[in-house]
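Position 131, counted from 1, in the sequence shown is what my numbering calls 939; the numbers after and before it change by one each time, with no gaps. Everything on this sheet refers to the single structure shown next.
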Amino acid sequence: MDERSGATGRPGLVIVFGAGSAPAWAWHTGVVAAIESELGECAADHHLIGTSAGSAMAAGLRAGVEAPAIFDWMMQPPTAEERDEFRSATGNGRRGLHRIRPLAPGLLRSLTAGTKGLALAGSGLLPAGVFPTRTLGMFAGADNLDPADGWPEGLWVVGARVHDGERVVFGRDLVDVSVADALEASSAVPAMFRPKEIDGVEYIDGAAYSSTSADLAAELKPDLVIISAVQTRPGRRVSRIAARARLADEIETLEAAGIACVVVQPDAEMVPVMAGFPRKNRAAGPRIVETARQTAVAALAPHR
809 MDERSGATGR PGLVIVFGAG SAPAWAWHTG VVAAIESELG ECAADHHLIG
859 TSAGSAMAAG LRAGVEAPAI FDWMMQPPTA EERDEFRSAT GNGRRGLHRI
909 RPLAPGLLRS LTAGTKGLAL AGSGLLPAGV FPTRTLGMFA GADNLDPADG
959 WPEGLWVVGA RVHDGERVVF GRDLVDVSVA DALEASSAVP AMFRPKEIDG
1009 VEYIDGAAYS STSADLAAEL KPDLVIISAV QTRPGRRVSR IAARARLADE
1059 IETLEAAGIA CVVVQPDAEM VPVMAGFPRK NRAAGPRIVE TARQTAVAAL
1109 APHR
């Protein structure tokens, strides 16, 4: 398997799918379309790094499902059983001090990292969520990955440990874990979902540390890293400010290692389009996908 076509050995291409909730699913779909049309590369043939919403896209691709089908799968409304489970969890979660007690106040020490540490510090001050994480571990093509085969090669999923805020890369740091459990950990947003416990250790959304974690690609020594970043879009929310600061630092790390980077991210015009998607403006999906595709096409032009 040569360097530009496989997820084994030294990859010529690494694709990073960042956090960003439901809008990220649509955005990543457009970016994948551009990679395949402009570079002639099948995204699933390369090393994939996913965080939070991006982890579901990465896992689906690694399972052999095409990006548009992954997006359609993720856009399906919850089943009656899932709605009942969520309602029950919400009702039970309204009682008890855990609804107001900070999840991990010690994470305030991450402020020593400056702007980059804002999201992690804020996550520690939020209470644990009440919703179960089971649905976060569901992904398109899950049946195509046999747990008996172990962790799938060429897939890294990023989470953050609750007790110390350290980044954990499932598929690199931990391999004796299911992809479903890793996705639950990577997407467990504080104040919304419960932390995901794996072997006695609790994890939260990997975006608390970084929405992209693109610097992880440096150890793979690729020729090119394509970063589909959604949480870095314009805005004054703490999560976006921290995401932009982290990404800038990650790009610096990659470029210092002589690795070319392409960042595909929404501009200010897309911010209102993405707002409330899909709950308030489901029809915006095709526009987000197409805008991402066009943005990626322009960004990839020098690398054809």
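Backbone N, C-alpha and C fix where the C-beta goes; we use that ideal spot for every residue, glycine too. Small disclaimer: the values here were computed from a predicted structure and weren't measured.
>> Does residue 1088 pass the burial test, meaning 16 or more other C-beta atoms within 10 Å, or should it be called exposed?
In response: Counting from one through the sequence shown, the residue named residue 1088 turns up at place 280. Note on residue 1088: under 16 other CB atoms within 10 angstroms of its CB, so exposed under the neighbour-count rule.
>> Does the structure place the region 1015-1030 close enough to the region 1044-1063 that three or more beta carbon pairs sit under 8 Å?
In response: Contact check between the region 1044-1063 and the region 1015-1030: three or more CB pairs, one atom from each, fall below 8 Å, which counts as touching.
>> My output table needs one value for residue 1046: the three-state DSSP class, helix, strand or coil.
In response: As a working note, residue 1046 is residue 238 in the sequence shown. In the three-state scheme derived from DSSP, where H, G and I count as helix and E and B as strand, residue 1046 is classed as helix.
> By DSSP, does residue 920 sit in helix, in strand, or in coil?
Replying inline: As a first step, residue 920 is located in the sequence shown; it is residue number 112 there, counting from the start. Residue state, collapsed to three classes: helix.
> Does the distance from the CB of residue 857 to the CB of residue 823 come in under 9 Å?
Replying inline: Here the question's residue 857 lines up with position 49 in the sequence shown. Here the question's residue 823 lines up with position 15 in the sequence shown. Yes.
> So, residue 976 versus residue 950, is the Cβ gap smaller than 9 Å?
Replying inline: By one-based count along the sequence shown, residue 976 stands at place 168. By one-based count along the sequence shown, residue 950 stands at place 142. One thing to note: residue 976 has its Cβ no nearer than 9 Å to the Cβ of residue 950.
>> Below 8 Å on the Cβ atoms is my contact criterion, and I expect residue 970 with residue 935 to pass it. Report the Cβ-Cβ distance as a whole number of Å.
In response: Residue 970 sits at position 162 when you count from the first residue of the sequence shown. Residue 935 sits at position 127 when you count from the first residue of the sequence shown. 12 Å between Cβ atoms; not a contact.
> How many Å lie between residue 844 and residue 1030 at the Cα?
Replying inline: The sequence position of residue 844 within the sequence shown is 36, counting from 1. The sequence position of residue 1030 within the sequence shown is 222, counting from 1. When rounded, the distance between both Cα atoms is 18 Å.
>> Using C-beta distances below 7 Å, list every residue in its chain close to residue 929, excluding the 5 sequence neighbours before and after it, in chain order.
In response: Here residue 929 refers to the residue found at position 121 of the sequence shown. Counting only Cβ-Cβ distances below 7 Å, and skipping sequence neighbours, we find 915, 916, 918, 919.
>> Measuring straight from C-alpha to C-alpha, what distance separates residue 942 and residue 1092?
In response: Counted from its first residue, the sequence shown places residue 942 at position 134. Counted from its first residue, the sequence shown places residue 1092 at position 284. The alpha-carbon atoms of residue 942 and residue 1092 are separated by roughly 27 Å.
> Given residue 1114, which residues of its chain have a CB within under 7 Å of its CB, disregarding the five upstream and five downstream residues?
Replying inline: Any question about residue 1114 goes unanswered here, given that the chain covers just 809 to 1112.
>> Within 10 Å of its beta-carbon, does residue 1041 have 16 or more other beta-carbons around it, so buried, or fewer, so exposed?
In response: Locating residue 1041 in the sequence shown gives position 233, counting from the first residue. Residue 1041 counts as buried, since no fewer than 16 other beta carbons sit within 10 angstroms of its beta carbon.
> So what does residue 1033 bridge to, in DSSP terms?
Replying inline: Indexing the sequence shown from 1 puts residue 1033 at position 225. 822, 1069.
> Excluding the five sequence neighbours on either side, which residues of its own chain have a C-beta within less than 7 Å of the C-beta of residue 1098, listed in chain order?
Replying inline: As a position in the sequence shown, residue 1098 is number 290, starting the count at 1. These residues qualify, in order along the chain: 838.
> Which of helix, strand or coil does DSSP assign to residue 855?
Replying inline: Position 47 of the sequence shown, counted from the first residue, corresponds to residue 855. Assigned with DSSP and collapsed to three states, residue 855 falls in strand.
> Can you give the Cα-Cα distance for residue 1035 and residue 1104, rounded to whole angstroms?
Replying inline: Residue 1035 sits at position 227 when you count from the first residue of the sequence shown. Residue 1104 sits at position 296 when you count from the first residue of the sequence shown. Looking at the two C-alpha atoms, the distance is approximately 10 Å.
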